[in-house]
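Participant:
Protein chains: 2
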Amino acid sequence: MRHGILGIAPWRDQLHEMGVRAAAKAIRNHELTVTGLCRGGMFPAWDAAGRKAAIEDNLRAVDEAQALGAQCLVLVAGGLPAGSKDLAAAREQVRDGIAAILPRAREARVPIAIEPLHPMYAADRACVNTLAQALDLCDTLDPENEGGLGVALDVYHVWWDPQLEHGIARAGKRRLLAFHVCDWLVPTRDLLTDRGMMGDGVIDLPRIRSWIELAGYKGFHEVEIFSELDWWKRDPDEVLETCKDRHQRFC
Amino acid sequence: MRHGILGIAPWRDQLHEMGVRAAAKAIRNHELTVTGLCRGGMFPAWDAAGRKAAIEDNLRAVDEAQALGAQCLVLVAGGLPAGSKDLAAAREQVRDGIAAILPRAREARVPIAIEPLHPMYAADRACVNTLAQALDLCDTLDPENEGGLGVALDVYHVWWDPQLEHGIARAGKRRLLAFHVCDWLVPTRDLLTDRGMMGDGVIDLPRIRSWIELAGYKGFHEVEIFSELDWWKRDPDEVLETCKDRHQRFC
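Protein sequences, first through last, are from chains A and B.
Just so we're aligned, residue 3 is where the first sequence starts under my numbering, counting upward by one.
Just so we're aligned, residue 3 is where the second sequence starts under my numbering, counting upward by one.
(1) Against arginine 93 of chain A, what residues of chain B qualify as contacts under a CB-to-CB distance less than 9 Å, listed in chain order?
(2) Let me check understanding here. Comparing Cα to Cα, which of A:Ala50, A:Gln250 and A:Gly152 lies closest to leucine 104 of chain A?
(3) Glutamine 95 of chain B and alanine 134 of chain B - do their beta-carbons sit closer together than 8 Å?
(4) Going by other Cβ atoms of all chains shown within 10 Å of its Cβ, with 16 needed for buried, is tryptophan 233 of chain A buried or exposed?
(5) I'd like the span of the alpha helix (DSSP H) that includes phenylalanine 222 of chain B, first residue to last.
(6) Pick out whichever of B:Ala28, B:Ala101 and B:Lys220 has its Cα sitting closest to the Cα of phenylalanine 45 of chain B.
(7) Output, in chain order, the set of chain B residues within a Cβ distance shorter than 7 Å of alanine 124 of chain A.
(8) Starting from aspartate 144 of chain A and walking both ways along the alpha helix (DSSP H), at which residues does that stretch end?
(9) On the criterion of 16 or more Cβ atoms from any shown chain inside 10 Å, does asparagine 147 of chain A qualify as buried, or is it exposed?
(10) Kindly indicate if chain A contains any beta-carbon less than 8 Å away from that of leucine 139 of chain B.
(11) Using 8 Å as the limit for Cβ to Cβ distance, is tryptophan 48 of chain B near chain A?
(12) Quick one, which of A:Val188, A:Asp126, A:Leu137 and A:Ser229 has its alpha-carbon nearest arginine 127 of chain B's?
(13) In the DSSP assignment, what are the bridge partners of aspartate 163 of chain A?
(14) For aspartate 260 of chain B and chain A, any beta-carbon pair shorter than 8 Å?
(15) Please return the same chain residues whose Cβ sits closer than 7 Å to the Cβ of tryptophan 186 of chain B, not counting the five positions on each side in sequence.
(16) Just mark glutamine 16 of chain A as buried or exposed, buried being the case when its beta carbon has 16 or more other beta carbons within 10 Å.
(17) Quick one: is glutamate 117 of chain B buried, meaning 16 or more other Cβ sit within 10 Å of its Cβ, or exposed?
(18) Let me see if you follow: with CB-CB separation under 8 Å, is tryptophan 213 of chain A close to chain B or not?
(19) Mind listing the chain B neighbours of histidine 182 of chain A? Cutoff is C-beta to C-beta under 8 Å, in chain order.
(20) Going by beta-carbon coordinates alone, are glycine 9 of chain B and threonine 35 of chain B separated by less than 8 Å?
(21) So, is glycine 21 of chain B buried or exposed, given that buried needs 16 or more other C-beta atoms within 10 angstroms?
(22) Which residues share a DSSP beta bridge with histidine 249 of chain A?
(23) Alpha carbon to alpha carbon, how far is proline 83 of chain A from alanine 47 of chain A?
(24) Can you name the start and end residues of the beta strand (DSSP E) that leucine 151 of chain B belongs to?
(25) With respect to the alpha helix (DSSP H) encompassing glycine 99 of chain A, which residues constitute its N-terminal and C-terminal limits?
(26) Check histidine 5 of chain B in the structure and name its three-state DSSP category.
(27) Determine the closest residue to isoleucine 57 of chain B out of B:Pro113, B:Asp98 and B:Pro145, with distance taken between C-alpha atoms.
(28) Buried or exposed for leucine 178 of chain B, going by 16 or more other Cβ atoms inside 10 Å?
(29) Kindly list the residues whose CB is nearer than 8 Å to the CB of lysine 246 of chain B, restricted to its own chain and excluding five residues on each side of it in sequence; keep chain order.
(30) Per the DSSP calculation, valine 76 of chain B is bridged to which residue(s)?
(31) Would leucine 193 of chain A pass as an interface residue toward chain B - the criterion being a Cβ-Cβ separation below 8 Å?
(32) Verify whether the separation of the beta carbon atoms of leucine 139 of chain B and valine 130 of chain B is less than 8 Å.
(33) Which residue from B:Asp65, B:Val241 and B:Met122 puts its Cα closest to that of glycine 80 of chain B?
(34) At what residues does the alpha helix (DSSP H) containing histidine 18 of chain A begin and finish?
(35) Which partner residues does serine 229 of chain B have in the DSSP bridge list?
(36) For valine 183 of chain B, write down the residues that DSSP places opposite it in a beta bridge.
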């Protein structure tokens, strides 16, 4: 709040370190909106026991999201089980995993936000790699669009997609559950931790923002910048000030 | 030929170093098929003069491909002009650039093979990033599928795509002009030069091969492994032996 930032999306590892109740209390005391809990997912596994364990962990994540009053639980699908080359099977396991947790998530009023990840993460992080693919999953699991299932849109993962404008319109307000901003640097020196501050890269953020607003999105803009080489090294106050400034000027 | 390899796809920089006529003669003497000339493209530019220069360079590439008897000219579209964030405009410039060289390429009987590049290269190398997008371009520029325009399919760029099987079937024999193999390493340590030897990564090569064969592709399989960290450091004879061995066992 010191920075006039009104929301937060905690990561589960940090949450577990602090304890869910203590974290929920601290967040309430600071009057912060929990825009999302990061993250469930990681469904694919070699055997049924592994897939069952993943589903159980996701059910715990739903409980945690409920305890925090999170606006959604962000799902990063998971990639190929180690040694597997069967992307199609991994994708089916993701579908089945989400199907298994959706009833409980709806009961808990925790919307599930599938986050398509950049294709460069297909092997090791998420085999859901385009907005269209995430929306197809939503349509399969929630054909009547009853709510409680949608997507988290992170510009870093989708900015390149020739079908992005179309996909955002297709998603519409009901399926657009979260919006993450940062920038794509040229050159990108590391596949995971070299994201850029808004304005330092090539993503046309105002254009993408105009598309989500046209679709009716009125939620938060979340800044998510994995940056081992730069921003993670800086003073957190400086980083937050820069985020706010850049968001106003470039988003 | 010493290795029983029957084709080659020269790069233009090497070609220019050697001289086109000398290279054409050497290739003929070795009875090698020129599967493709790498590469034309790189169309987007800030101003009309830059775009005109790119088109002229591509016309020279067509002439060189003709002189070599190349089975196609591979096009890497080009990314965003430095400082631009307008992907849609870059994509229009690519379309217009191909339109400008297609008549001459047809005259020269040099098929143009648009190579969709992995989305991680959208900013700096190619704004054509999926097979569907490349095929849409083909349909726009050659609506009657008269021939002479198609795609070069490199597994490294497209293996992750949930629409890949569908796209290959859609392309069909007439649009499938080249097929490149290598592998996707986990982890990938560099965006450009950390490709893997077939079998060392996660790409299901036999599955993709089965799709192109079902579509009627009967051309060469080209091995293209940018690997600063590994294969480029090794003895070329060892690399070629390994390529042949791995191709037999994993493709």
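For glycine and all other residues, C-beta sits at the position ideal for the given N, C-alpha and C.
Facilitator: Let me lay it out:
(1) The count along the first sequence starts at 1 and reaches residue 93 of chain A at position 91. In chain order: Pro164.
(2) Walking along the first sequence from the start, residue 104 of chain A turns up at place 102. Among A:Ala50, A:Gln250 and A:Gly152, the Cα nearest to that of leucine 104 of chain A belongs to A:Gly152.
(3) Within the second sequence, residue 134 of chain B is the residue found at index 132, counting from 1. Within the second sequence, residue 95 of chain B is the residue found at index 93, counting from 1. Contact flag unset, no.
(4) Indexing the first sequence from 1 puts residue 233 of chain A at position 231. The residue in question, tryptophan 233 of chain A, is buried, as its Cβ has 16 or more Cβ neighbours within 10 Å.
(5) The residue you call residue 222 of chain B lines up with position 220 of the second sequence. It is not in any alpha helix (DSSP H) - phenylalanine 222 of chain B carries neither H nor E in the DSSP assignment.
(6) Position 43 of the second sequence holds residue 45 of chain B. Phenylalanine 45 of chain B has its Cα closest to that of B:Ala101, out of B:Ala28, B:Ala101 and B:Lys220.
(7) Your numbering for residue 124 of chain A matches position 122 in the first sequence. Under the 7 Å cutoff, chain B gives Trp162.
(8) Position 142 of the first sequence, counting from 1, holds the residue named residue 144 of chain A. For aspartate 144 of chain A, there is no enclosing alpha helix (DSSP H), since its DSSP letter is neither H nor E.
(9) For the purposes of this step, residue 147 of chain A is taken as the residue at position 145 of the first sequence. Under this definition asparagine 147 of chain A is an exposed residue.
(10) Reading the second sequence from its first residue, position 137 is the one you call residue 139 of chain B. Output row for leucine 139 of chain B: interface = no.
(11) Here the question's residue 48 of chain B lines up with position 46 in the second sequence. False, the Cβ-Cβ gap to chain A never drops below 8 Å.
(12) Taking the second sequence and counting its residues from 1, the one referred to as residue 127 of chain B is at position 125. That would be A:Val188, whose Cα lies nearest to the Cα of arginine 127 of chain B.
(13) Translated into the one-based positions of the first sequence, residue 163 of chain A becomes position 161. Per DSSP, none; premise fails for aspartate 163 of chain A.
(14) Residue coverage of chain B in this structure runs from 3 to 253, which leaves residue 260 of chain B outside it and unanswerable.
(15) Stepping through the second sequence from its first residue, residue 186 of chain B is reached at position 184. Taken in chain order, the residues that qualify are Tyr158, Trp161, Gly198, Gly203, Val204 and Ile205.
(16) Walking along the first sequence from the start, residue 16 of chain A turns up at place 14. Per the 10 Å Cβ criterion, exposed.
(17) Counted from its first residue, the second sequence places residue 117 of chain B at position 115. Buried, because 16 or more other Cβ atoms sit within 10 Å of the Cβ of glutamate 117 of chain B.
(18) Here residue 213 of chain A is taken as the residue at index 211 of the first sequence, counted from 1. It does not: the Cβ of tryptophan 213 of chain A has no partner Cβ on chain B nearer than 8 Å.
(19) As a working note, residue 182 of chain A is residue 180 in the first sequence. Correct list: empty, because the minimum Cβ distance to chain B is about 17 Å.
(20) Along the second sequence, read from residue 1 onward, the residue named residue 9 of chain B stands at position 7. Along the second sequence, read from residue 1 onward, the residue named residue 35 of chain B stands at position 33. Yes, Cβ-Cβ distance for glycine 9 of chain B and threonine 35 of chain B is below 8 Å.
(21) Taking the first residue of the second sequence as 1, we reach residue 21 of chain B at position 19. That one is exposed.
(22) The residue given as residue 249 of chain A occupies position 247 in the first sequence. Answer is none; histidine 249 of chain A lacks a bridge partner.
(23) Start at 1 with the first residue of the first sequence, and residue 83 of chain A comes out as number 81. Start at 1 with the first residue of the first sequence, and residue 47 of chain A comes out as number 45. If I take the Cα positions, the gap works out to 5 Å.
(24) The residue you call residue 151 of chain B lines up with position 149 of the second sequence. 151-156 is the span of the beta strand (DSSP E), which, as asked, contains leucine 151 of chain B.
(25) Translated into positions along the first sequence, residue 99 of chain A becomes position 97. According to the DSSP assignment, glycine 99 of chain A belongs to the alpha helix (DSSP H) that extends over 89-109.
(26) Locating residue 5 of chain B in the second sequence gives position 3, counting from the first residue. Here histidine 5 of chain B sits in coil by DSSP.
(27) Locating residue 57 of chain B in the second sequence gives position 55, counting from the first residue. Selected option, being the one with the closest Cα: B:Asp98.
(28) Walking along the second sequence from the start, residue 178 of chain B turns up at place 176. Buried.
(29) As a working note, residue 246 of chain B is residue 244 in the second sequence. Only His5, Gly6 and Ile7 meet the Cβ criterion.
(30) One-based indexing of the second sequence puts residue 76 of chain B at position 74. B:Cys40 and B:Ala115, per the DSSP bridge assignment.
(31) For the purposes of this step, residue 193 of chain A is taken as the residue at position 191 of the first sequence. Chain B contact via Cβ: present.
(32) In the second sequence, residue 139 of chain B corresponds to position 137, counting from 1. In the second sequence, residue 130 of chain B corresponds to position 128, counting from 1. Contact: yes.
(33) Translated into the one-based positions of the second sequence, residue 80 of chain B becomes position 78. If we check each option's Cα against that of glycine 80 of chain B, B:Met122 comes out closest.
(34) Locating residue 18 of chain A in the first sequence gives position 16, counting from the first residue. Start and end: 14-20.
(35) Position 227 of the second sequence, counting from 1, holds the residue named residue 229 of chain B. Answer is B:Asp196, bridged to serine 229 of chain B.
(36) Translated into positions along the second sequence, residue 183 of chain B becomes position 181. In the DSSP output, where bridge partners are listed per residue, valine 183 of chain B has B:Val225.
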